[in-house]
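First up is the structure itself, then whatever we jot down about it.
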Amino acid sequence: MSQLKYGQIIQLGYIVADLDAGIDHWMNTMGIGPWTVFRNVTMEGIYQGQATTVKMDVAMGYQNDMQVELIQQTSDTPSPYRTADGKPLLGLHHIAWLTDNLDAVVTQAEADGCTTIFRAQNPGTRVAYLTLPDEAETRVEFIESPATAELIKSGIAASRDWDGTNPIHEIDFAA
Numbered sequence: 053m054s055q056l057k058y059g060q061i062i063q064l065g066y067i068v069a070d071l072d073a074g075i076d077h078w079m080n081t082m083g084i085g086p087w088t089v090f091r092n093v094t095m096e097g098i099y100q101g102q103a104t105t106v107k108m109d110v111a112m113g114y115q116n117d118m119q120v121e122l123i124q125q126t127s128d129t130p131s132p133y134r135t136a137d138g139k140p141l142l143g144l145h146h147i148a149w150l151t152d153n154l155d156a157v158v159t160q161a162e163a164d165g166c167t168t169i170f171r172a173q174n175p176g177t178r179v180a181y182l183t184l185p186d187e188a189e190t191r192v193e194f195i196e197s198p199a200t201a202e203l204i205k206s207g208i209a210a211s212r213d214w215d216g217t218n219p220i221h222e223i224d225f226a227a
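Under my numbering, the residue at position 112 of the sequence shown is numbered 164, and the numbers go up by one with no gaps.
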């Protein structure tokens with residue numbers, strides 16, 4: 053197949069118990085950086101048919117053209133980042149694509165047999181998580197966000213020129 057159905061995979065998403073320790077590991081052990089950290093991110097959405105508000109801290113670093121996303125959920129609400137009994141789903145959580153039309157790509161993925169488990173948004177981003185037809189534990193994410201597209205471009209450029217200085221840039225949405 054010469055054309056990718058959903059485009060290029062742009063992100064590997066990991067759930068971590070401690071965001072700062074996760075950044076330290078990925079930066080010092082894996083050599084990935086610099087990192088952009090977003091504190092106090094809130095997503096309003098529907099998880100498995102129920103309204104939810106998920107609060108989290110998120111970090112993004114790059115290896116070539118691939119974004120590595122680290123997520124630490126900071127609220128106790130039901131979400132795709134936790135088990136039914138509230139424990140974090142640590143480790144590789146999802147692969148993600150960027151899209152210009154979230155509704156259309158979710159409709160296509162559902163027609164392909166995927167099941168939507170979470171749709172959420174905040175003022176800058178809309179996302180959907182789906183599971184694969186025969187692999188309920190494998191999650192894919194589609195992201196609709198012009199700001200994320202720009203963040204990815206600048207993050208990739210920063211990672212190519214990164215010399216290890218200024219490893220973390222933080223943005224706090226509570227401020």
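Beta carbons are placed, not taken as given, at the ideal position from N, Cα and C, and that holds for glycine.
Residue i to residue j, Cα distance in whole Å?
i      : j      : result
Val110 : Ala172 : 15 angstroms
Arg212 : Ala156 : 33 angstroms
Gly97  : Gly207 : 27 angstroms
Gly216 : Ala136 : 39 angstroms
Ala188 : Ile169 : 10 angstroms
Tyr99  : Tyr133 : 10 angstroms
Ile84  : Ala199 : 22 angstroms
Phe90  : Ser197 : 15 angstroms
Ser54  : Phe194 : Caution applies to Ser54, whose pLDDT of 44 falls short of 50 and renders its modelled position unreliable; the value that the coordinates give is listed next. The straight-line gap from Cα to Cα measures roughly 21 angstroms.
Leu71  : Asp152 : 29 angstroms
Asn116 : Ala209 : 9 angstroms
Trp78  : His146 : 17 angstroms
Pro175 : Asp128 : 22 angstroms
Tyr114 : Pro86  : 7 angstroms
Gln124 : Trp214 : 25 angstroms
Just checking my contact of residue i with residue j at CB under 8 angstroms: how many whole Å lie between their CB atoms?
i      : j      : result
Leu154 : Ala180 : 6 angstroms
Ile220 : Ile75  : 7 angstroms
Leu142 : Ala73  : About 12 angstroms separates the two Cβ atoms, so there is no contact after all.
Val93  : Lys107 : 7 angstroms
Where do the ends of the alpha helix (DSSP H) carrying residue i lie?
i      : result
Leu154 : Leu154 to Ala163
Leu184 : Per DSSP, Leu184 belongs to no alpha helix (DSSP H); it is in the beta strand (DSSP E), Thr177 to Leu184.
Do residue i and residue j have their CB atoms nearer than 9 angstroms?
i      : j      : result
Ala161 : Tyr66  : no
Cys166 : Thr177 : no
Pro130 : Thr159 : no
Thr88  : Glu222 : yes
Asp164 : Pro185 : yes
Met95  : Leu203 : no
Tell me where the beta strand (DSSP E) around residue i begins and ends.
i      : result
Gly143 : Gly143 to Leu150
Ala188 : Glu187 to Glu196
Gln173 : Thr167 to Asn174
Asp224 : Ile220 to Asp224
(request) Pick out the complete alpha helix (DSSP H) segments inside the stretch 64-139, 4 residues or longer, and give them in chain order. (result) 71-80
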